[in-house]
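Here's the structure we're looking at; comments come further down.
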Amino acid sequence: MEIRHATNPTDFKLYTTDRLRSDFLMENLFIEGELNLVYSHYDRVITGGVVPKEEEIKLPIIEQMKTEYFLERREMGIVNIGEPALVNVEGETYELNKRDCLYIGKGNQHVSFKSKNPDNPSKLYFVSVNAHTPYPVTLMPIKDATPVKLGSNAESNSRTIYKYIHSDGIQSCQLMMGMTLLEPNNMWNTMPAHLHDRRMEVYLYFDMDASSRVFHFMGQPHETRHLVVQNEQVVLSPPWSIHSGVGTNNYTFIWAMAGDNYTFTDMDFIPMEDLR
């Protein structure tokens, strides 16, 4: 498991492109036959990717966590971004098709991942955060998630948001998770930009072709920077940072949040004249 330490915004101003990418970009979560993890000191979020082939892959015991099992004091949300997957939780198997979400609450000791067809492996993306109360394991197929239409073609941000784990959906302690799909010919995921200093956020960009890129903007409103992001790469967004992006084509992204507040609308929008 890779460890990423937190950064203060004063030091952030001096970062080179390589340092930005090293601290905030996850480039290789999805490798066939592997489970990969990144632990962030921002709200103790663990981000993971697993691509099972012939062998079932178990959620491991991580020495750095100092717990008897992974979800002893944690919860997690999983979204499949590949072919059909089978996730086994304490002996019960859940089938996830592409864009389906599975929530696993605190206290589940045995979790494993398997591709339904090893020749066409699934790609499971998950985010895990600290939890103090157990909530039931819940599967939400994308067909059961309520779509919310936002934006417009005139603003180049016509998009559909699916909220999976939140106060009116799958219940959790502090994890919030959902997915945003941009319509063809729409490239901005949000603008004006916003931040929420009470919680961090993590973004997975996917459903992009090999030549497409997303320019992910981050930093304080008066001191912005950007990351150039490829398909199936993940960005950590600190609480003090804006998070907005524009692509060379339309794309899809999964957002997950953790921190103090459990309200989707807890956002501090930044006036355009304040961005630099």
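Start counting the sequence shown at 947; every next residue gets the next number (the numbering used here). Quick reminder that beta carbons are idealized off the backbone N, C-alpha and C, glycines included. Note that the structure is predicted; figures quoted are calculated from it, not measured.
Counting only the same chain and skipping the five closest in sequence on each side, list residues whose C-beta sits under 7 Å from that of residue i.
| i | result |
| --- | --- |
| Phe-958 | Gly-1165 |
| His-1078 | Cys-1119 |
| Met-972 | Val-984, Thr-993, Gln-1179 and Val-1180 |
| Arg-990 | Val-1075 and Asn-1076 |
Who are the near neighbours of residue i in its chain, counting only those whose CB is closer than 6 Å to its CB and skipping five residues on each side?
| i | result |
| --- | --- |
| Gly-979 | Lys-999 |
| Tyr-985 | Met-947, Ile-949 and Ile-992 |
Is the CB-CB distance between residue i and residue j below 8 Å?
| i | j | result |
| --- | --- | --- |
| Val-1192 | Tyr-1149 | no |
| Ile-1050 | Val-1035 | yes |
| Phe-1059 | Leu-1048 | no |
| Met-1154 | Asn-1195 | yes |
| Glu-1041 | Leu-1032 | yes |
| Trp-1134 | Asn-1103 | yes |
| His-1189 | Glu-1147 | yes |
| Tyr-1151 | Val-1174 | no |
If you run the structure through DSSP and keep just helix, strand and coil, what is residue i?
| i | result |
| --- | --- |
| Gln-1176 | coil |
| Met-1123 | strand |
| Gln-1166 | strand |
| Asp-1214 | strand |
| Met-1011 | helix |
| Lys-1089 | helix |
| Glu-1041 | strand |
| Glu-1219 | helix |
Looking at the unbroken beta strand (DSSP E) that takes in residue i, where does it start and where does it end?
| i | result |
| --- | --- |
| Arg-967 | Counting along the chain, Arg-967 falls outside any beta strand (DSSP E), though it belongs to the alpha helix (DSSP H) covering 963-970. |
| Trp-1186 | Note, Trp-1186: premise wrong, no beta strand (DSSP E); not H, not E. |
| Ser-986 | 981-986 |
| Glu-1021 | 1020-1026 |
| Gly-1051 | Per DSSP, Gly-1051 belongs to no beta strand (DSSP E) and is neither H nor E. |
Less than 8 Å between C-beta atoms, sequence neighbours within five positions excluded: which residues of the same chain meet that for residue i?
| i | result |
| --- | --- |
| Thr-1106 | Pro-1093, Val-1094, Lys-1095, Leu-1096, Thr-1126, Leu-1127 and Glu-1129 |
| Tyr-1110 | Gly-1023, Val-1025, Cys-1047, Tyr-1049, Met-1086, Ala-1091, Ile-1116, Met-1123, Gly-1124 and Met-1125 |
| Asn-1099 | Glu-1129, Asn-1131 and Asn-1132 |
How far does the alpha helix (DSSP H) with residue i in it reach, from first residue to last?
| i | result |
| --- | --- |
| Pro-1223 | The requested residue 1223 does not occur in the structure, where the chain is confined to residues 947 to 1222. |
Report whether the distance from the Cβ of residue i to the nearest heavy atom of the ligand SAM is below 7 Å.
| i | result |
| --- | --- |
| Leu-1032 | Absent from the structure shown: the ligand SAM. Ligands present: none. |
Assuming residue i contacts residue j (C-beta within less than 8 Å), just tell me the rounded distance between them.
| i | j | result |
| --- | --- | --- |
| Pro-1067 | Glu-1029 | 6 Å |
| Thr-953 | Pro-1185 | Wrong, their Cβ atoms sit about 11 Å apart, outside the cutoff. |
| Phe-1215 | His-1140 | 5 Å |
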